[in-house]
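Asks:
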Amino acid sequence: LFCLFLNLPTVHFHHCIPLSFSFPFPFVMCFPFGRYRWTKDGEQFDPEEVRGIKQLENSGTLIIHANNGNVPTRFNGLYRCYASNILGTAVSSESRIIVENAPQWPKEEVAPITAEEGTHTVLPCNPPTSADPPKIYWLNSKIEHITQDERVTVGQDGNLYFANVQMKDSQPDYICNAHFQGPRLIIQKEPIELKVIPTNTFSYQKPILIVPETTRKSYVALLGKPLILECIAAGLPTPSVEWIHLNRLNPSPGVTFENYNKTLCIPSVTEDDDGDYQCIARNEHGSIYHTYTVNVEAAPQWIKMPVSQIYGPGENVRLDCEVDGKPKPKVAWSINGTPLKGKRKIQSGALIFSDLQPNDTAVIQCQAHNKHGSILANAYILVVLLGCAAKQMAATLSALRCSREIFVCHTHFSFSFSRFMEDMNPAVKDERIFIFTNGSLKLQEVRHEDAGNFTCLAENDQNNVSIIARLIVKRATQIEEGPINMEKKQGESVTFYCKVLFDESIPKRGIQWRLDGEDIEESDDNNKYIIGDMSLKVTSVDFSDQGTYSCLAWTTLDSVEKSANLLVYGKPGPVSNLEVERQQNHEVTAILISAFFFSHLNFSLTEYNVFCEETKFGPEQMEWLATVPGNQPWAILHLSPFRSYNFYVQASNDQGKSELSSRSASHATDPAAPERNPTDVRGEGNETTNMIITWTQIVLKLSHMVGLKDGLFRRRGITAAFKAISIFQIQLRTSSSNFTQILQCYENNCALMGLWNVYLHS
73 LFCLFLNLPT VHFHHCIPLS FSFPFPFVMC FPFGRYRWTK DGEQFDPEEV
123 RGIKQLENSG TLIIHANNGN VPTRFNGLYR CYASNILGTA VSSESRIIVE
173 NAPQWPKEEV APITAEEGTH TVLPCNPPTS ADPPKIYWLN SKIEHITQDE
223 RVTVGQDGNL YFANVQMKDS QPDYICNAHF QGPRLIIQKE PIELKVIPTN
273 TFSYQKPILI VPETTRKSYV ALLGKPLILE CIAAGLPTPS VEWIHLNRLN
323 PSPGVTFENY NKTLCIPSVT EDDDGDYQCI ARNEHGSIYH TYTVNVEAAP
373 QWIKMPVSQI YGPGENVRLD CEVDGKPKPK VAWSINGTPL KGKRKIQSGA
423 LIFSDLQPND TAVIQCQAHN KHGSILANAY ILVVLLGCAA KQMAATLSAL
473 RCSREIFVCH THFSFSFSRF MEDMNPAVKD ERIFIFTNGS LKLQEVRHED
523 AGNFTCLAEN DQNNVSIIAR LIVKRATQIE EGPINMEKKQ GESVTFYCKV
573 LFDESIPKRG IQWRLDGEDI EESDDNNKYI IGDMSLKVTS VDFSDQGTYS
623 CLAWTTLDSV EKSANLLVYG KPGPVSNLEV ERQQNHEVTA ILISAFFFSH
673 LNFSLTEYNV FCEETKFGPE QMEWLATVPG NQPWAILHLS PFRSYNFYVQ
723 ASNDQGKSEL SSRSASHATD PAAPERNPTD VRGEGNETTN MIITWTQIVL
773 KLSHMVGLKD GLFRRRGITA AFKAISIFQI QLRTSSSNFT QILQCYENNC
823 ALMGLWNVYL HS
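Below you can see the structure in the form of structure tokens.
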């Protein structure tokens with residue numbers, strides 16, 4: 073008996089499907105005819121004794137019948153099928169049947185949710201749990217989808233999140249709809265009313281994270297499965313979200329960002345996706361971040377499966393079962409479905425049979441499992457006593473001088489002796505020749521004089537056979553002159569040469585150029601690459617052309633490769649990832665981080681120049697702020713109060729200056745008292761009983777706050793205290809007394825910065 077199994081699927085049954093279910097056993101080829109049996113949750117299970125289930129005659133297929141569209145929950149469990157005949161028993165993988173009641177929301181009165189305009193809020197969904205989670209849609213009573221944008225989001229948990237509510241969000245009928253795709257069922261939650269209370273004073277706030285709630289969260293991602301990470305932030309104005317993979321310079325090529333950058337999606341996780349992912353939410357009032365730690369693990373996967381084979385009596389057999397996974401899978405062996413007894417020999421994960429006899433014929437199972445799943449393989453051992461018949465070798469074999477060649481001479485059945493003859497002389501006399509126990513011959517360091525006929529002889533007590541193969545020796549391919557390392561300035565062209573010596577008697581041969589392991593092809597659309605008979609020209613090189621260029625000379629028998637590196641230098645690229653951190657009220661630190669420099673610059677930076685745009689008092693105008701050394705990727709900037717700044721950075725090296733970076737996030741400085749007082753203060757009288765005092769006000773840009781006022785004070789003599797005078801109502805009568813008039817500029821809630829004195833004498 074030998075049986076080939078197709079893995080059973082995991083099947084979900086739902087009550088609301090009004091059909092009969094066919095639960096097929098894997099395709100089985102058996103001779104002679106055998107029988108089938110089932111286990112459920114590890115216990116023997118006879119389908120004929122269970123109402124509502126039937127096993128087809130002469131088959132392992134189970135039919136589970138629904139009763140008025142419902143499948144009883146008693147069919148929940150793990151099922152396994154065994155197929156047996158007189159030569160052994162094959163075993164299927166386990167299949168799980170999940171039976172669920174029709175999902176529904178409990179009847180409840182949903183209280184209205186009230187939120188003040190500008191604050192954040194959440195409308196809960198809380199769909200019924202299911203082995204097959206539903207898709208969530210938010211609609212109104214007119215069956216119109218609730219519009220999602222940077223401000224409004226449906227989370228992975230189904231809740232509806234508002235980063236900040238607006239008056240237009242006031243609606244009485246937010247309805248959460250859950251679509252269960254297995255049973256093709258859509259259910260609705262009771263409508264939720266959202267009341268937005270208007271406000272006259274908005275409270276602007278820096279971002280806060282609504283999802284996730286913890287400051288750090290760990291995820292286990294399964295190899296080959298999708299991974300979704302989510303960051304939903306609230307704040308006013310609406311925050312923007314960006315992601316950083318802290319363990320690598322660039323994100324994985326398969327990563328996508330959805331839902332206005334709030335969701336990071338990896339469709340098929342690889343080992344390189346392991347590490348820390350950070351989402352950063354920003355608005356003009358600040359930022360907040362969250363770090364996800366992703367640990368990539370894997371269900372068991374085959375490295376080497378046990379192989380079915382026919383053997384003769386007296387042979388020794390090794391069945392390999394190598395698996396990979398994280399955590400490391402545990403491996404268990406069974407014979408005919410029965411766990412292996414202790415007397416069997418297991419060596420380095422392989423099952424060893426010594427001195428096989430006909431009664432050792434069986435079906436062997438190797439099963440590996442960890443917490444993420446299990447895999448199972450069947451392999452038959454068929455021990456028979458038949459005559460010898462050798463597999464035909466290729467009539468002609470071509471080998472290369474100084475290479476290694478293996479002649480395969482396998483016998484179908486048991487043989488007691490196998491040997492090779494080279495031109496009718498025993499091949500084992502040559503120390504370069506090694507004969508394997510399975511009859512194959514390995515010839516090392518092939519020479520021209522090794523060309524000729526090789527004969528394989530095999531015999532047992534039934535008969536003997538022989539087959540002949542002819543060896544033709546070719547000259548190995550050689551690269552006489554390969555490409556050399558080059559350094560080129562951005563915009564120049566470079567040519568690599570590759571002089572190859574082929575054996576002209578090998579018809580199929582050629583040269584393939586590669587960049588970092590990827591084939592280079594000429595294109596009709598551009599002349600970036602020009603490929604000659606033994607040269608490659610790369611025109612107008614850029615930083616993206618850097619890498620390892622390889623010349624691969626190949627034939628149908630061999631290949632040889634030589635490589636060289638291209639280094640491109642030039643002026644820096646633009647600075648990226650510009651961050652601004654507040655240090656003191658009117659002082660910030662601009663942090664400059666650029667992975668582009670580290671990987672593509674190839675010339676040391678000499679300096680950074682920091683520029684700004686100030687937008688509060690007039691049109692935008694670029695101004696230089698600071699210059700810092702090239703080895704210092706940060707700058708402390710001293711700013712004026714009551715301004716709104718955007719920053720730019722430009723890098724320089726010996727080759728030139730980079731383009732300006734993208735603008736930073738806006739940075740606003742706090743108000744402050746004015747640093748100057750009015751100027752040109754004068755006092756003149758046009759009559760003997762008055763004094764006209766005039767001055768020049770400071771410009772609005774230097775006021776440091778809205779609501780600038782001028783104050784006038786006076787005192788009699790030198791020692792008297794100052795008294796405030798109402799401006800525009802000043803009358804000083806002539807007398808012999810001296811008055812000191814003091815004019816000062818001040819702002820609401822700001823301390824005086826000093827006095828500017830003018831002495832007036834009447």
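Residue numbers (the working numbering): 73 to 834. Just so it is clear, CB atoms sit at the ideal spot from N, CA and C, and this is done for glycine as well.
Alpha carbon to alpha carbon, what distance is there between asparagine 142 and aspartate 113?
Replies: Their Cα atoms are separated by approximately 22 Å.
Asks: For lysine 580, which of helix, strand or coil comes out of DSSP?
Replies: Three-state result, lysine 580: coil.
Asks: Can you pull the DSSP bridge partners for isoleucine 565?
Replies: Going by the sequence as given, residue 565 is serine instead of isoleucine. In DSSP, serine 565 forms no bridge with anything.
Asks: Below 7 Å, is the gap between the Cβ of isoleucine 208 and the nearest heavy atom of the ligand NAD?
Replies: Among the ligands in the structure shown, none appear at all, so the ligand NAD cannot be discussed.
Asks: Measuring straight from C-alpha to C-alpha, what distance separates aspartate 245 and glutamate 172?
Replies: When rounded, the distance between both Cα atoms is 30 Å.
Asks: Are the region 224-244 and the region 152-159 in contact at 8 Å, needing three or more beta carbon pairs?
Replies: Counting Cβ pairs under 8 Å, fewer than three are found: no touch.
Asks: Where does asparagine 637 land, buried or exposed, given buried means 16+ other C-beta within 10 angstroms?
Replies: Classification of asparagine 637: exposed, given that the 10 Å Cβ count is below 16.
Asks: Starting from the Cα of glutamine 727, find the closest Cα among Glu759, Thr678, Ala698, Gln373 and give me that residue.
Replies: The option with the nearest alpha carbon to glutamine 727 is Thr678.
Asks: Within the same chain, show all residues whose beta-carbon is closer than 7 Å to that of glutamate 330, passing over the 5 residues directly before and after it, in chain order.
Replies: Cys337.
Asks: Taking 8 Å as the threshold (C-beta atoms), are glutamine 243 and leucine 839 in contact?
Replies: For the chain, the structure presents residues 73 to 834; residue 839 sits outside this window and is missing.
Asks: DSSP state of lysine 240, grouped into three classes?
Replies: Note: lysine 240 maps to helix in three-state DSSP.
Asks: What's the gap between the Cα of glutamate 166 and the Cα of asparagine 408?
Replies: If I take the Cα positions, the gap works out to 16 Å.
Asks: Beta strand (DSSP E) containing tyrosine 332: first to last residue?
Replies: Unbroken run through tyrosine 332: none, as it is neither H nor E.
Asks: In this structure, does DSSP put phenylalanine 147 in helix, strand or coil?
Replies: Reduced to three states, the DSSP call for phenylalanine 147 is helix.
Asks: If you reduce the DSSP assignment to three classes, tell me which class histidine 520 lands in.
Replies: Of the three classes helix, strand and coil, the one that applies to histidine 520 here is helix, per DSSP.
Asks: What did DSSP end up calling serine 616 once you bin it into helix, strand or coil?
Replies: DSSP places serine 616 in helix when its eight states are reduced to three.
Asks: The beta strand (DSSP E) spanning aspartate 113 covers which residue range?
Replies: From DSSP, aspartate 113 is part of no beta strand (DSSP E); its letter is neither H nor E.
Asks: In terms of residues, what are the limits of the beta strand (DSSP E) holding alanine 138?
Replies: Looking at the DSSP string, alanine 138 is not in any beta strand (DSSP E), and its letter there is neither H nor E.
Asks: Would a C-beta distance cut-off of 8 Å place valine 341 and alanine 293 closer than the cut-off?
Replies: Yes, the pair counts as a contact, with Cβ atoms nearer than the cut-off.
Asks: First and last residue of the beta strand (DSSP E) that includes glutamine 127?
Replies: Run containing glutamine 127: 125-127, per the beta strand (DSSP E) assignment.
Asks: Just to confirm before moving on: does the CB-CB distance between glycine 160 and proline 199 stay below 8 Å?
Replies: In this structure, proline 199 does not lie closer than 8 Å to glycine 160 by Cβ.
Asks: Inspect the beta-carbon positions of alanine 306 and isoleucine 280 and report whether they are closer than 8 Å.
Replies: Yes.
Asks: With distances taken between CB atoms, is the gap from valine 572 to isoleucine 583 smaller than 8 Å?
Replies: Their beta carbons are under 8 Å apart, which means valine 572 touches isoleucine 583 by this criterion.
Asks: Note down, in chain order, each residue of its chain lying with its Cβ closer than 6 Å to the Cβ of leucine 608, except the 5 sequence neighbours on either side.
Replies: So the qualifying residues of the chain are Phe568, Trp585.
Asks: For isoleucine 405, list the residues DSSP reports as bridge partners.
Replies: First, the residue type needs correcting, since residue 405 is tryptophan and not isoleucine in the sequence shown. BP columns for tryptophan 405 point to Cys438.
Asks: Output needed for phenylalanine 117: all residues of its chain with C-beta closer than 7 Å, excluding positions within five of it in sequence on either side, in chain order.
Replies: Within the same chain, phenylalanine 117 has close Cβ partners Trp110, Thr111.
Asks: Any beta carbon from chain D within less than 8 Å of glutamine 220's own beta carbon?
Replies: Structure shown: chain D not included; a single protein chain is present.
Asks: Can the beta-carbon of lysine 643 be found closer than 8 Å to that of serine 730?
Replies: Result yes, Cβ atoms of lysine 643 and serine 730 sit closer than 8 Å.
Asks: According to DSSP, simplified to helix, strand and coil, what is aspartate 345?
Replies: Residue state, collapsed to three classes: helix.
Asks: If I follow the unbroken beta strand (DSSP E) through asparagine 718, where does it start and stop?
Replies: Unbroken beta strand (DSSP E) run through asparagine 718: 716-725.
Asks: Can you have a look at proline 184 and say buried or exposed, based on whether 16 or more other CB atoms are within 10 angstroms of its CB?
Replies: When all chains shown are included, proline 184 counts as exposed.
Asks: Which of the three DSSP states is assigned to serine 490 in this structure?
Replies: At serine 490 the pLDDT is 44, less than 50, meaning the model places this residue with poor confidence and gives no usable figure here.
Asks: Which of helix, strand or coil does DSSP assign to glutamate 121?
Replies: Reduced to three states, the DSSP call for glutamate 121 is helix.
Asks: Which of the three DSSP states is assigned to proline 430 in this structure?
Replies: It is helical.
Asks: When DSSP builds the beta bridges, which residues end up paired with proline 411?
Replies: BP columns for proline 411 point to Ser406.
Asks: Exposed or buried, what is isoleucine 602 when buried is set at 16 or more other beta-carbons lying within 10 Å of its beta-carbon?
Replies: Exposed, since its Cβ has fewer than 16 Cβ neighbours within 10 Å.
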